[in-house]
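For the sequence shown, numbering that gives the first Met the number 0 gives the first residue as 0, with consecutive numbering after it.
Positions of the beta carbon are idealized from the N, C-alpha and C atoms, including for glycine.
Remember, it's a predicted structure, so these values are computed and weren't measured experimentally.
Read the structure below first, then the notes.
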Amino acid sequence: MARPTVRILSRYILREHLPPLGFALAALTFAMLVNQVAKQFGNFVGKGLPWSVVFEVFALSIPFIVAMTLPMAVLVAVLYAFSHLAADNEITAMKASGISVGRLLAPVLGGATLMALISLLWNDQVLPRSNHRLRTLLVDIQRKKPTFQLKEQVINEVVAGQFFLRAARIDPATNKLNDVTIYDLEDPERRRIITADSGRMAYTPGGTDLYLTLRDGEVHEVKRDDPAHFNRTFYFTNRIKVAGIGNTLERTEHDTYRGDREMTICGMQQVVAQARQDVERARREARDAVVSELRRLIKLAPLPAATNDSTPPRTSLYCRVAGGIKRWLLPRQARAAEPAQAVPSVAQQAPIPSVLEQRVRAARQRASVYEVEIQKKLAISAACVIFALLGVPLAIRFPRGGVGLVIGTSLAVFSVYYVGLIGGEELGDRLIVSPFLAMWTPNLIFTAVALLLLWAVRREGSTAHGGGWDDLRQALFGWVGNLTKTRNARRRSGNG
Numbered sequence: 000m001a002r003p004t005v006r007i008l009s010r011y012i013l014r015e016h017l018p019p020l021g022f023a024l025a026a027l028t029f030a031m032l033v034n035q036v037a038k039q040f041g042n043f044v045g046k047g048l049p050w051s052v053v054f055e056v057f058a059l060s061i062p063f064i065v066a067m068t069l070p071m072a073v074l075v076a077v078l079y080a081f082s083h084l085a086a087d088n089e090i091t092a093m094k095a096s097g098i099s100v101g102r103l104l105a106p107v108l109g110g111a112t113l114m115a116l117i118s119l120l121w122n123d124q125v126l127p128r129s130n131h132r133l134r135t136l137l138v139d140i141q142r143k144k145p146t147f148q149l150k151e152q153v154i155n156e157v158v159a160g161q162f163f164l165r166a167a168r169i170d171p172a173t174n175k176l177n178d179v180t181i182y183d184l185e186d187p188e189r190r191r192i193i194t195a196d197s198g199r200m201a202y203t204p205g206g207t208d209l210y211l212t213l214r215d216g217e218v219h220e221v222k223r224d225d226p227a228h229f230n231r232t233f234y235f236t237n238r239i240k241v242a243g244i245g246n247t248l249e250r251t252e253h254d255t256y257r258g259d260r261e262m263t264i265c266g267m268q269q270v271v272a273q274a275r276q277d278v279e280r281a282r283r284e285a286r287d288a289v290v291s292e293l294r295r296l297i298k299l300a301p302l303p304a305a306t307n308d309s310t311p312p313r314t315s316l317y318c319r320v321a322g323g324i325k326r327w328l329l330p331r332q333a334r335a336a337e338p339a340q341a342v343p344s345v346a347q348q349a350p351i352p353s354v355l356e357q358r359v360r361a362a363r364q365r366a367s368v369y370e371v372e373i374q375k376k377l378a379i380s381a382a383c384v385i386f387a388l389l390g391v392p393l394a395i396r397f398p399r400g401g402v403g404l405v406i407g408t409s410l411a412v413f414s415v416y417y418v419g420l421i422g423g424e425e426l427g428d429r430l431i432v433s434p435f436l437a438m439w440t441p442n443l444i445f446t447a448v449a450l451l452l453l454w455a456v457r458r459e460g461s462t463a464h465g466g467g468w469d470d471l472r473q474a475l476f477g478w479v480g481n482l483t484k485t486r487n488a489r490r491r492s493g494n495g
């Protein structure tokens, strides 16, 4: 049982992290959301969407932003809390009382582990569902036509490639038009130009159709099969209906397709297992094709038909636990029986080697894409612990850097980390490196740096002197000056 003093110290350290953690998470999420709104807001408003749909788009973007900002917030909280404790000499007092750096690190790592578990559940359960809803909503928005608006003194394309309208004057209050010219290209066998002295516009309630009432004009018509014949018709009133100028947003109710970023870890593991089975099946068919061709050359009987020995993929412990919880919470659904797939005999048709190679590579690449996404979810969640491990020695070693140290170090770490993730994802998808190394290399690098910093902090003893920007600059770039001094000393000794 832990001593009361130890428990009080752990609670005190964790309590120091809560305010900066909440503030950093809210501030970073808000900043990235504002950036997203600034980039996309004009596109959505131009579509004539209701405000509720626009807000829903940005609300569905928040889970992805939180998935990225949660590890950032952990690092900011650790840097701020421990730099504050070190600047107030509380770290020195704790060390003087016999409390080691490892003991100070224990509650932080415990809290960071809890945040890592929350991040994993968020990335695996909440994020795929929000990404799926966001993708289907964006597809629905793309299908919707922009809000129809006519401009003066411009040839407006009312119906794409079919109906064009120009008006010298347009009164938005009364929808009245003056000096109207219409180019009707809807019928490929004839071309019509309609002119009018004035007219009025009216829309259907949904804004899908446009009604034009034209007055005092002419209709000029030429048929393609008889270009020498020209029709000219005068009218006092001409009513025209133009259908399909706009439409309402139609929401997709059931979309079964899911990409790699719209699936849970368990769903992606099933795809990976099936892809690996496809690889093994293609390789086995290639071997059987070679054996079958050799037997044919030496006039032996063909091999019997291969049996389908594919076994269902094994699931991980995490997926079994998650599946059990899901079956306990949700009602059981009936599953349709899957028809058995017949496997052809190798004697019927020998696969072409190049086709088999393409099948193997396609299956491997499909498995790699989903494996990379699985490892990315795990790596981002583990980054909460690694950033906490990195932030403690940095804050203790440079306690007087203040807010500048927190912001500068955080931006540097985030930039390097997420650039490494993006580059690693590209390399992993192309089968250049393994999915594990593609996603975990930034974590491994920062873990090594954190352990070196912890070793240095423990070696320096219990005095937290200095630790300003000059010390940080010397720690990062001091080796350049030392190398220059050594080289100059060697040159002088050689000249002497």
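Apply the 10 Å Cβ neighbour rule to residue i and answer buried if 16 or more other Cβ atoms are within range, or exposed otherwise.
| i | result |
| --- | --- |
| G101 | exposed |
| Y11 | exposed |
| R14 | exposed |
| V418 | exposed |
| T263 | buried |
| R6 | exposed |
| L296 | exposed |
| G216 | buried |
| A85 | buried |
| P515 | For residue 515 there is no data in the structure shown, the boundaries of the chain being 0 and 495. |
| W454 | exposed |
| V415 | exposed |
| P127 | buried |
Could you say which of the options lies nearest to residue i if we only look at CA atoms?
| i | options | result |
| --- | --- | --- |
| H228 | V271, N237, C265, R189 | R189 |
| A242 | S291, S96, L211, K94 | L211 |
| D254 | A447, A25, T135 | T135 |
| Y202 | E217, N174, S96 | N174 |
| A105 | Q148, S9, E425 | S9 |
| V270 | R280, L410, G258 | G258 |
| Y234 | D139, R486, E252, G198 | G198 |
| T28 | A66, F435, I192, K38 | A66 |
| L248 | V53, D215, M31, I431 | V53 |
| V499 | R363, W50, V402 | Examination of residue 499 is not possible in this model, given that the chain is present from 0 through 495 alone. |
| V221 | P187, D208, A159, E252 | P187 |
| T68 | L213, F445, F413 | F413 |
| D428 | T251, L32, L213, A361 | A361 |
| A366 | Q268, L213, W50, R238 | Q268 |
| L430 | Y369, S51, R486 | Y369 |
Measure the alpha-carbon distance for residue i versus residue j and round it to whole angstroms.
| i | j | result |
| --- | --- | --- |
| D87 | K94 | 13 Å |
| L377 | V456 | 29 Å |
| Y154 | I181 | Inspection of the sequence shows that residue 154 is occupied by Ile rather than by Tyr. Rounded to whole angstroms, I154 to I181 spans 9 Å at the Cα level. |
| A176 | R231 | In the sequence as displayed, the identity of residue 176 is Leu instead of Ala. C-alpha separation (whole angstroms): 22 Å. |
| G97 | A394 | 20 Å |
| L184 | L436 | 59 Å |
| N442 | L452 | 15 Å |
| A341 | R358 | Residue confidence is low: A341 scores 46 on pLDDT, short of 50, so the model does not pin down where it sits. Its coordinate-derived value is still stated next. Rounded to the nearest angstrom, the two C-alpha atoms are 19 Å apart. |
| D178 | A166 | 6 Å |
| P392 | K38 | 38 Å |
| Q35 | S129 | 16 Å |
| E261 | G407 | 34 Å |
| L103 | F397 | 16 Å |
| A92 | A111 | 24 Å |
| W327 | Y317 | 15 Å |
| N122 | M114 | 12 Å |
| V125 | F81 | 32 Å |
| N42 | I64 | 20 Å |
| A274 | G423 | 21 Å |
| I90 | S409 | 22 Å |
| C265 | Q276 | 17 Å |
| T446 | L389 | 7 Å |
| R132 | T251 | 9 Å |
| Q161 | A195 | 19 Å |
| V138 | V158 | 22 Å |
| L213 | I140 | 34 Å |
| T440 | E292 | 46 Å |
If we cut at 8 Å on Cβ distances, does residue i have a partner in chain D?
| i | result |
| --- | --- |
| E188 | In the structure shown, chain D does not exist; there is a single protein chain. |
Quiz item: Are at least three pairs of beta-carbons, each pair with one atom in the segment 14-34 and one in the segment 69-77, less than 8 Å apart?
Solution: yes
Quiz item: What are the uninterrupted segments assigned as beta strand (DSSP E) that are 3 or more residues long and contained completely in the segment 189-255, given in chain order?
Solution: 189-202, 208-222, 225-242
Quiz prompt | Three CB pairs or more closer than 8 Å across the segment 47-62 and the segment 364-375 | solution = no
Exercise. Mind the definition here: the segment 277-294 touches the segment 378-388 only if three or more C-beta pairs lie below 8 Å; say whether that holds.
Key: no
Quiz item: Any chance the segment 111-131 sits against the segment 383-390, with 3 or more Cβ pairs inside 8 Å?
Solution: yes
Practice problem: At 4 residues or longer, and completely inside the segment 257-313: list those alpha helix (DSSP H) runs for me, N to C. | Solution: 264-296
Practice problem: Quick one: which unbroken beta strand (DSSP E) runs of 3-plus residues sit fully inside the segment 371-447? Chain order, please. | Solution: none
Exercise. Please go through the segment 99-171 and give each complete alpha helix (DSSP H) segment of 4 or more residues, from N-terminal end onward.
Key: 100-120, 126-142
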